[in-house]
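In what follows, a single structure is set out as structure tokens and then discussed.
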Amino acid sequence: MRRLLIDIYERLYRAYGPRHWWPGETPFEVMVGAILTQNTSWINVEKAIRRLKEERRLTVTGIHQLKKSKLASLIRSSGTYRIKADRLRVFTTFLFETYGGKISRMKKDPARALRDRLLGVKGIGPETADSILLYALGKPVFVVDAYTRRILSRHGIISEKASYEEVQQLFMDHLPADERLFNEYHALLVYLGKRVCQKTPKCDICPLESIGHGAEGIGKRA
DNA sequence: GACCAGGCACATC
DNA sequence: GATGTGCATGGT
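Every number in the working numbering is 1 more than the matching position in the first sequence, counting from 1.
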């Protein structure tokens with residue numbers, strides 16, 4: 002399995018090169034992006050982030066002190082904006098209550114404990130929590146998303162029914178806990194997913210065309 | 001006009 | 001525990 006996962010990574014890297022994830026000038030900007038991008042294309046998130054920057058509000062305090070209606074209007078382009086305004090404020094409240102609003106203090110928490118804490122925040126699910134851990138805080142945690150699952154199941158490496166944690170464990174059990182590897186790997190999977198592994202298969206230019214399989218059944222329910 | 005996007009919470013069975 | 005639905009804008 003280790004060999005297979007590394008083979009996939011190398012093929013993708015050779016085909017597409019570094020993806021330079023995650024765009025963001027500060028860890029907090031990445032965290033905000035992780036919440037805003039929920040079920041939303043990144044292009045629309047960028048507009049929302051630009052507006053927050055224009056208003057000089059892209060800080061923990063800046064968002065926390067904003068009126069909900071004003072915050073919602075600034076992030077409107079990212080869709081489900083009333084819900085996301087709530088989520089951002091719940092999140093900044095969490096940052097203040099738990100870390101005094103200091104990202105540096107947050108960073109000192111071990112990944113395991115931090116993940117559990119993040120999952121306890123309303124509006125933060127597994128993918129958002131892991132994106133924050135990996136892309137904002139540099140913790141070696143593998144991020145799983147819809148593309149990851151679609152690609153792996155389509156290539157017979159996992160079951161369609163495999164849970165989030167099962168897919169995550171597959172990567173983390175078989176690869177070194179390397180933040181930069183996990184960063185690049187997930188970014189490459191998303192890039193591949195957008196290009197060729199869509200819901201309607203059109204894998205004629207897929208760099209994984211002839212990978213060795215023989216690992217079917219991972220994540221199958223007993 | 002339908003469908004999708006770097007999900008999540010909640011209701012219901 | 002699985003499945004369905006609301007959230008909502010902007011691009012294709």
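From the three backbone atoms N, C-alpha and C, an ideal C-beta is built for every residue, glycine too. Here the structure is a predicted model, which is why all the values come from computation and not from measurement.
For residue i, three-class secondary structure by DSSP
| i | result |
| --- | --- |
| residue 74 | helix |
| residue 129 | helix |
| residue 117 | helix |
| residue 108 | helix |
| residue 209 | coil |
Classification of residue i by the beta-carbon crowding that lies within 10 angstroms, buried from 16 upward
| i | result |
| --- | --- |
| residue 34 | buried |
| residue 111 | exposed |
| residue 154 | buried |
| residue 210 | exposed |
| residue 18 | exposed |
| residue 62 | exposed |
| residue 187 | buried |
| residue 208 | buried |
| residue 44 | exposed |
| residue 15 | exposed |
| residue 11 | exposed |
| residue 218 | In this prediction, residue 218 scores a pLDDT of 42, lower than 50, which makes its location untrustworthy; the coordinate-derived value is nonetheless stated afterwards. Classification for residue 218: exposed. |
| residue 88 | buried |
| residue 4 | exposed |
| residue 163 | buried |
| residue 130 | buried |
| residue 116 | buried |
| residue 50 | buried |
| residue 123 | exposed |
| residue 66 | exposed |
| residue 147 | exposed |
Residue interval of the alpha helix (DSSP H) (run including residue i)
| i | result |
| --- | --- |
| residue 8 | 3 to 17 |
| residue 140 | Residue 140 -> no alpha helix (DSSP H), and no H or E assigned at all. |
*Complete alpha helix (DSSP H) runs within the stretch 142 to 204 (minimum length 4 residues, chain order)*: 147 to 155, 165 to 175, 180 to 196
*At which residue ranges does the stretch 26 to 102 contain complete alpha helix (DSSP H) runs of 4 or more residues, listed in the order of the chain?*
Those alpha helix (DSSP H) runs which fall completely within the stretch 26 to 102 and span 4+ residues are 28 to 37, 43 to 55, 61 to 65, 69 to 75, 82 to 100.
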